[in-house]
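**Student:**
Residue numbers (the working numbering), protein chains in the order written: chain A, 389 to 648; chain B, 389 to 648.
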């Protein structure tokens, strides 16, 4: 989607390492209209293209794919790729059509670029899970690599939408990650009740002045199904979406490895 | 879908010529469960695989791809490719979910086989139009080639479902194509009212003893939108679906080139 930050640079560097000297690294920059809802920030989404291009050049990108919306979508386009289970909850519940837009454009990009490997950030964990599922179910010949979330010094996950924050909401935003870390610590201290962990997480988020919690969930990392308890083989993930001063921020952390 | 007949052989020979001596011809044989409705003929659909294999061998096929349903679909599969405009009418109206099943399995086959060219029969005209639209909208790197319908001597379009016909319904079935040809001749004789042409077509079909007409339509060959009149550049196609003794038969002919 462009508006590249250090999180994107980390993805590009990961791709560069994976491609080696023989492979090519392709970056797509496309603010995809079909994944925005009618009352979302499509028109004001940042598009600093010349800066993005510099970053790509610096990171050794071989090809920058930057199509226009009309190059991607015919006026009478009528085909959609839809994932119906993992997309239903979390961000999908408050952003209807979002993941269909994501699946469709990622399919198109895969058909155009035909990558052997594609790197996605863990910050958009649900998107990552949905894309893994799509690649599995449609037998796409591409390996999906997940790259860890890059954070500011105070823990805030990097996001192009952080630019929308005021100095006041920016200062408060770090408390989202702090709440997730507190949940990890509670789990490590022996709390195995998901309801208990989730209560603590919600309480910490609700204590952020002006925060509106969209969701806070502890789910199976792959299926995104709600978990009741840790089990030996359970890979749990805590995910949150919070609005701060009208800016919707998401973050997530792993709770795996804390099961007793 | 297998149960190969001379129509399929013609598709394979077309592919063989297109591939030349350097290219490979791949045939998929897969009775795709997701394109059958709950009350359709999935379980009784013919599966004469050893005979199909012989035909493929004789026609110089390089690879025969014959997966099982569980190799194609995970138990928790949740991703569908859906075309919503061209799929809505005609066969789509009486077979809900059919074209989503077709689009999904064809996408999967394209991802697995990665063909540069794919040959489809004109007999399933709506399917052909839907797949062309899917390839266009999802930017799939494959060229779709349409091959003319192969017919019995009396005009009946070859179909694996013709095996279901009794001697009596088989004799009547040729009147479907005869009705379409009569429509072509009426158009060539100067009838430019689509309503008039369609009335004649419906009358001829209704005159077949025991026939239940599912639809008879004259549409734009590409968009499948109903036409009112011929125009200079209009490519019209007449399409019908008729049940004879419970066997659903489809056929279509071009009306292009008859405009005045």
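Beta carbons: idealized from backbone N, C-alpha and C, even for Gly.
1. Grab me the residues of residue 503(A)'s own chain with a C-beta within less than 7 Å of its C-beta, minus the 5 sequence neighbours each way, in chain order.
2. Over the uninterrupted beta strand (DSSP E) stretch that includes residue 533(B), give me the two end residues.
3. Is there a Cβ of chain B sitting closer than 8 Å to that of residue 472(A), yes or no?
4. Between the C-alpha atoms of residue 628(A) and residue 605(A), what's the straight-line distance to the nearest angstrom?
5. For residue 579(A), which option in 449(A), 617(A), 609(A) and 505(A) has the closest C-alpha, if you only look at C-alpha atoms?
6. Run down chain B in chain order and give the residues with a C-beta less than 8 Å from the C-beta of residue 502(A).
7. According to DSSP, what are the bridge partners of residue 416(B)?
8. Residue 392(A): buried (16+ other C-beta within 10 angstroms of its C-beta) or exposed?
9. Check whether chain B comes within 8 Å of residue 451(A), counting only Cβ atoms and requiring the distance to be less than that.
10. By DSSP, does residue 422(B) sit in helix, in strand, or in coil?
11. Starting from residue 642(B), follow the beta strand (DSSP E) in both directions and report where the run begins and ends.
12. Go ahead and label residue 487(A) buried or exposed: buried means 16 or more other beta carbons lie within 10 angstroms of its beta carbon, across all protein chains shown.
13. So for residue 648(A), helix, strand or coil by DSSP?
14. Please identify, using Cβ separations under 8 Å, the residues of the stretch 484-511 of chain B that lie next to chain A, in order along the chain.
15. Residues bridged to residue 603(A) by DSSP?
16. Can you give me, in chain order, the residues of the stretch 437-466 of chain A that have a beta carbon less than 9 Å from any beta carbon in chain B?
17. Could you pull out every residue in the same chain whose Cβ sits closer than 8 Å to the Cβ of residue 500(A), ignoring the five residues on either side in sequence?
18. Could you name the residues of the same chain whose beta carbon sits closer than 7 Å to that of residue 519(B), not counting the 5 residues immediately before and after it, in chain order?
19. I'd like to know if residue 664(A) contacts chain B, where contact means its C-beta is closer than 8 Å to some C-beta of that chain.
20. Could you tell me whether the stretch 440-451 of chain A touches the stretch 394-404 of chain A, where touching means 3 or more Cβ pairs closer than 8 Å?
21. Name, please, each residue of chain A whose Cβ falls closer than 9 Å to the Cβ of residue 414(B).
22. Could you check whether the Cβ of residue 405(B) sits closer than 8 Å to any Cβ belonging to chain A?
23. Cβ of residue 496(A) within 8 Å of Cβ of residue 474(B)?
24. In whole angstroms, what is the alpha-carbon distance linking residue 542(A) and residue 549(A)?
25. Could you give the distance in angstroms between the alpha-carbon of residue 511(A) and the alpha-carbon of residue 422(B)?
26. Which whole runs of the beta strand (DSSP E) in the stretch 491-515 of chain B are 3 residues long or more, in chain order?
27. Considering only the beta carbon of each residue, do residue 597(B) and residue 637(B) sit closer than 8 Å?
28. To the nearest angstrom, report how far apart residue 613(B) and residue 633(B) are at their CA atoms.
29. Could you check whether the Cβ of residue 468(A) sits closer than 8 Å to any Cβ belonging to chain B?
30. Roughly how many angstroms lie between the CA atoms of residue 436(B) and residue 483(B), to the nearest whole one?
31. Can you check whether the C-beta of residue 521(A) is within less than 8 Å of a C-beta belonging to chain B?
32. Under 6 Å Cβ to Cβ from residue 448(A), same chain only, skipping five residues before and after it: list those, please.
33. Could you tell me how far apart the beta carbons of residue 630(B) and residue 600(B) are, in whole angstroms, since I believe they sit closer than 8 Å?
34. Taking the straight line between their C-alpha atoms, what separation do you get for residue 411(B) and residue 467(A)?
35. Identify which residue in 610(B), 565(B), 564(B) and 456(B) has its Cα closest to the Cα of residue 524(B).
36. Rounded to a whole number of angstroms, what is the C-alpha to C-alpha distance between residue 407(B) and residue 565(A)?
**Tutor:** So, from the listed chains and residues:
1. 414 and 530
2. 531-535
3. yes
4. 6 Å
5. 617(A)
6. 529
7. 453(B)
8. buried
9. no
10. helix
11. 635-642
12. buried
13. Residue confidence is low: residue 648(A) scores 44 on pLDDT, short of 50, so the model does not pin down where it sits. No coordinate-derived value is stated.
14. 491, 492, 495, 496, 499, 500 and 502
15. 629(A)
16. 460, 461, 462, 464, 465 and 466
17. 453
18. 494, 508 and 532
19. Past the edges of chain A, shown from 389 to 648, lies residue 664(A), and the structure says nothing about it.
20. yes
21. Chain A residues near residue 414(B): none, gap ~14 Å exceeds 9 Å.
22. no
23. no
24. 17 Å
25. 34 Å
26. 505-509
27. no
28. 30 Å
29. yes
30. 25 Å
31. yes
32. 404
33. 7 Å
34. 30 Å
35. 610(B)
36. 56 Å
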